[in-house]
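**Q** Handing you this structure, nothing more for now.
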Amino acid sequence: MPAPDSYDAVIVGGGHNGLVAAAYLARAGQSVLVLERLATTGGAAVSTRPFDGVDARLSRYSYLVSLLPRKIVRELGLDFTVRKRTVSSYTPTVRGGRATGLLVGGRGTRDSFAALTGSDREYRAWERFYGMTRHVAERVFPTLTEPLPGRDALRGRIDDPQAWRMLFEEPIGVAVEQNFADDLVRGVVLTDALIGTFADAHDPSLLQNRCFLYHVIGGATGDWDVPVGGMGALTDALARAAREAGAEIRVGHEATRIETDGTRAEITVRSPDSEHVVAARKVLVNASPQALAALLGDEPPTPAEGAQLKVNMLLTRLPRLRDRSVDPREAFAGTFHIAEGYGQLADAYRDAAAGRLPAAPPSEIYCHSLTDPSILGPDLAARGCQTLTLFGLHTPARLFAADNAATRAELLAATLAELDAHLEEPVTDCLARDANGEPCIEAKTPLDLERDLRLPGGHIFHRDLAFPYATESTGRWGVETAHANVLLCGAGAVRGGGVSGVPGHNAAMAALGR
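The numbering of the sequence shown is this note's numbering, which starts it at 12 and goes up by one.
Rendered as structure tokens:
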């Protein structure tokens with residue numbers, strides 16, 4: 012038998028983290044092979060045209076950028092940019108029988124707080140609280156691409172005992188309730204603890220705290236920015252950088268088994284016309300911990316479960332709002348919160364934990380094309396079309412197990428009804444039509460994401476997030492496994508989750524012995 016092709020590093024999975032690792036290793040002079048089972052690279056960070064005959068390239072799965080260090084963009088020479096949104100968020104509500112809302116970001120923020128709550132108290136509390144998170148972000152974010160600090164070292168780096176207690180030691184619900192009095196304001200703060208995470212504000216596991224932390228430290232500011240050209244612009248740039256550095260990328264090639272003695276590994280690969288073996292000194296797995304265990308024949312980790320609904324829409328126009336004090340182009344430019352008051356979020360969690368869809372499904376909506384019209388073809392742009400991305404919370408995979416299609420339809424209808432309650436016209440009246448005359452809307456449940464992308468249980472972070480410090484089991488970079496020459500470079504690594512490239516960078520550093 013001929014000897015198998017041999018590489019310094021084989022990377023299993025061509026998502027953004029795998030491509031980051033490939034680019035770094037190839038630039039360091041390593042021979043690198045990337046194996047991607049799908050027909051294209053990118054994983055969940057892709058731009059696609061989901062509607063037949065419609066020239067709109069949507070960020071189909073992941074859709075905003077915060078945790079991607081500029082260091083990675085600069086060091087890899089990526090042709091990729093992001094743009095700031097003109098506002099942070101708008102949250103509609105009804106007070107005293109009148110449609111109103113809270114607009115955060117821009118010159119009118121203080122006035123919006125006062126109009127909603129009747130005083131400056133909540134605005135001042137907001138400024139203090141997010142001043143605290145900015146302080147934490149400035150100290151924690153730079154550590155994400157360094158070897159993992161110890162818990163005490165990270166606490167010393169933050170150097171704020173009150174912030175450490177609020178974020179790392181007691182449920183985030185305590186801090187929210189101590190700092191804010193208004194239910195709507197409390198809810199807006201809490202949402203960052205729940206994106207892709209199924210937890211209560213007072214969950215003793217602090218799972219919600221870990222989620223909150225990663226949502227407020229990105230870029231040392233906590234800003235969530237729009238990727239110019241859609242999310243696929245990032246992964247296309249990464250694939251170019253990896254290839255230009257000498258990495259080989261094979262799409263339509265699925266790794267089915269890894270055998271290793273700790274110093275040398277053999278990877279069984281299935282392609283459309285053959286099955287063969289490649290050899291490597293190191294293997295970096297850009298897949299979930301469940302997939303890693305299956306490839307190695309190891310004991311599988313605790314099952315993961317996603318808890319979100321992702322909806323993509325193309326509209327002929329933005330819908331009119333009941334709150335006439337805000338322009339829809341302003342309201343939808345940031346994050347448009349629906350059914351996300353503090354009490355509503357608690358009710359939705361209790362409903363889902365009891366095995367039923369939330370009576371008022373909470374969700375977050377934004378319009379990519381307001382900030383970056385380049386994702387629309389010239390004809391769509393000229394006609395004034397706009398995209399809408401909706402991300403629903405508190406809908407765990409278990410709710411869809413009996414009948415995914417029927418439950419998806421029921422949840423989508425209920426979610427859009429919550430949005431319509433704040434509009435002067437149903438959002439479905441604004442939907443564009445595809446080449447077949449069908450409305451331009453698609454919805455993805457956790458089970459759909461598991462089927463399409465092999466996200467375990469549809470979990471967008473692959474598993475529960477971890478605090479960004481070392482423990483007895485993490486290793487130096489948070490990417491190590493029980494096998495000395497096998498590294499985890501996907502979202503399930505410590506400091507994984509989100510579109511960050513951090514696990515890819517860190518796995519590459521570990522592979523290079525940095």
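All C-beta atoms in this analysis are idealised placements derived from N, C-alpha and C, irrespective of residue type, glycine included. Only a predicted model underlies this, so the values are computations on that prediction, with no experimental measurement involved.
Tell me the rounded alpha-carbon separation between V490 and R166.
**A** The straight-line gap from Cα to Cα measures roughly 22 Å.
**Q** Is S123 helix, strand or coil by DSSP?
**A** The answer is helix: DSSP assigns S123 an H, G or I state.
**Q** Based on the DSSP secondary-structure assignment, which residues constitute the bridge partners of D16?
**A** In DSSP, D16 forms a bridge with V289.
**Q** State yes or no: is the C-beta of H213 within less than 7 Å of the C-beta of G184?
**A** Their beta carbons are under 7 Å apart, which means H213 touches G184 by this criterion.
**Q** Can you list the beta strand (DSSP E) stretches of 3 or more residues lying completely in the segment 352 to 378, in chain order?
**A** Correct list: 374 to 377.
**Q** Restricting to Cα atoms, I'd like to know which of A344, Y225 and S380 is closest to R145.
**A** Among A344, Y225 and S380, the Cα nearest to that of R145 is on Y225.
**Q** For V93, which of A357, Y74, R361 and R106 has the nearest alpha-carbon?
**A** Closest option to V93, Cα to Cα, is Y74.
**Q** With DSSP collapsed to three states, give me the class of H470.
**A** Note: H470 maps to coil in three-state DSSP.
**Q** Pick from T482, S374 and L36: whose alpha carbon is nearest that of H405?
**A** Closest by alpha carbon: S374.
**Q** Taking all protein chains shown into account, decide if A342 is buried (16 or more other Cβ within 10 angstroms of its Cβ) or exposed.
**A** Counting Cβ neighbours within 10 Å, A342 comes out buried, since at least 16 surround it.
**Q** At 4 residues or longer, and completely inside the segment 147 to 204: list those alpha helix (DSSP H) runs for me, N to C.
**A** Within the segment 147 to 204, the complete alpha helix (DSSP H) runs of at least 4 residues are 162 to 169, 172 to 175, 183 to 190 and 194 to 202.
**Q** To the nearest angstrom, how far is it from the Cα of A350 to the Cα of G24?
**A** Cα to Cα, the separation comes out at about 37 Å.
**Q** Smallest Cα separation from G508: which of P369, Y18 and N28?
**A** Ranking P369, Y18 and N28 by Cα distance to G508 puts N28 first.
**Q** Hey, would you say A32 sits closer than 7 Å to A518, going by beta carbons?
**A** Cβ distance < 7 Å, so A32 and A518 count as in contact.
**Q** Compare the Cα-Cα distances from R394 to each of A408, E453, C441 and A420 and report the closest residue.
**A** Checking every option, the nearest Cα to that of R394 belongs to C441.
**Q** CB-CB under 7 Å to G64, same chain, minus the five flanking residues each way: which ones, in chain order?
**A** The answer, listed in chain order, is D445 and A446.
**Q** For E259, which of helix, strand or coil comes out of DSSP?
**A** Strand at E259.
**Q** Secondary structure at G229, three-state DSSP: helix, strand or coil?
**A** Helix at G229.
**Q** By Cβ distance, which residues of its chain are closer than 8 Å to A50, with the 5 residues on each side in sequence left out?
**A** Here the set comprises V262 and G263.
**Q** Please report the distance separating the alpha-carbon of R48 from that of E86.
**A** Looking at the two C-alpha atoms, the distance is approximately 28 Å.
**Q** Could you spell out where the beta strand (DSSP E) holding Y35 opens and where it closes?
**A** Where Y35 is concerned, there is no enclosing beta strand (DSSP E), although the alpha helix (DSSP H) it sits in stretches over H27 to R38.
**Q** Leaving out five residues on either side along the sequence, give the residues of the same chain with a beta carbon under 6 Å from the beta carbon of A256.
**A** Here the set comprises A34, A37 and R38.
**Q** For the 8 Å Cβ check, are there 3 or more pairs between the segment 317 to 324 and the segment 199 to 208?
**A** Yes: at least three Cβ pairs fall under 8 Å.
**Q** Taking a contact to mean a Cβ-Cβ separation below 7 Å, would you say Y353 touches R474 in this structure?
**A** No. Outside cutoff.
**Q** Using a Cβ-Cβ cut-off of 7 Å (strictly less than) and excluding sequence neighbours within five positions of R221, which residues of its own chain qualify?
**A** Taken in chain order, the residues that qualify are L476, A477 and F478.
**Q** Per DSSP, which one or two residues make a beta bridge with L381?
**A** None; L381 has no bridge partner.
**Q** Identify the continuous beta strand (DSSP E) that holds A266 and give its terminal residues.
**A** Residues E265 to T271.
**Q** Got a sec, what are the start and stop residues for the alpha helix (DSSP H) M242 sits in?
**A** From DSSP, M242 is part of no alpha helix (DSSP H); its letter is neither H nor E.
**Q** Spell out the partners DSSP gives S100 in its beta bridges.
**A** S100 is bridged to V115 and T346.
**Q** Pop quiz: L325 and A67 are said to be a contact at Cβ under 8 Å. What is the actual Cβ separation, rounded to whole angstroms?
**A** 5 Å between Cβ atoms; contact.
**Q** Indicate the three-state DSSP secondary structure (helix, strand or coil) for I22 in the structure shown.
**A** If DSSP states are grouped into helix, strand and coil, I22 belongs with the strands.
**Q** Taking C-beta to C-beta, are V237 and D383 nearer than 7 Å?
**A** Result yes, Cβ atoms of V237 and D383 sit closer than 7 Å.
**Q** Taking all protein chains shown into account, decide if P311 is buried (16 or more other Cβ within 10 angstroms of its Cβ) or exposed.
**A** Counting Cβ neighbours within 10 Å, P311 comes out exposed, since fewer than 16 surround it.
**Q** Keeping to the same chain, check which residues put their C-beta closer than 8 Å to that of T274; ignore five residues upstream and five downstream.
**A** Contacts found: R292, A495 and N496.
**Q** In chain order, what residues of the same chain lie with their CB nearer than 8 Å to the CB of R60, ignoring the 5 residues before and after it?
**A** Result list for R60: D66, A67, R68 and L69, in chain order.
**Q** Would you call D131 buried or exposed, if buried means 16 or more other Cβ atoms sit within 10 Å of its Cβ?
**A** With fewer than 16 other Cβ atoms within 10 Å, it is exposed.
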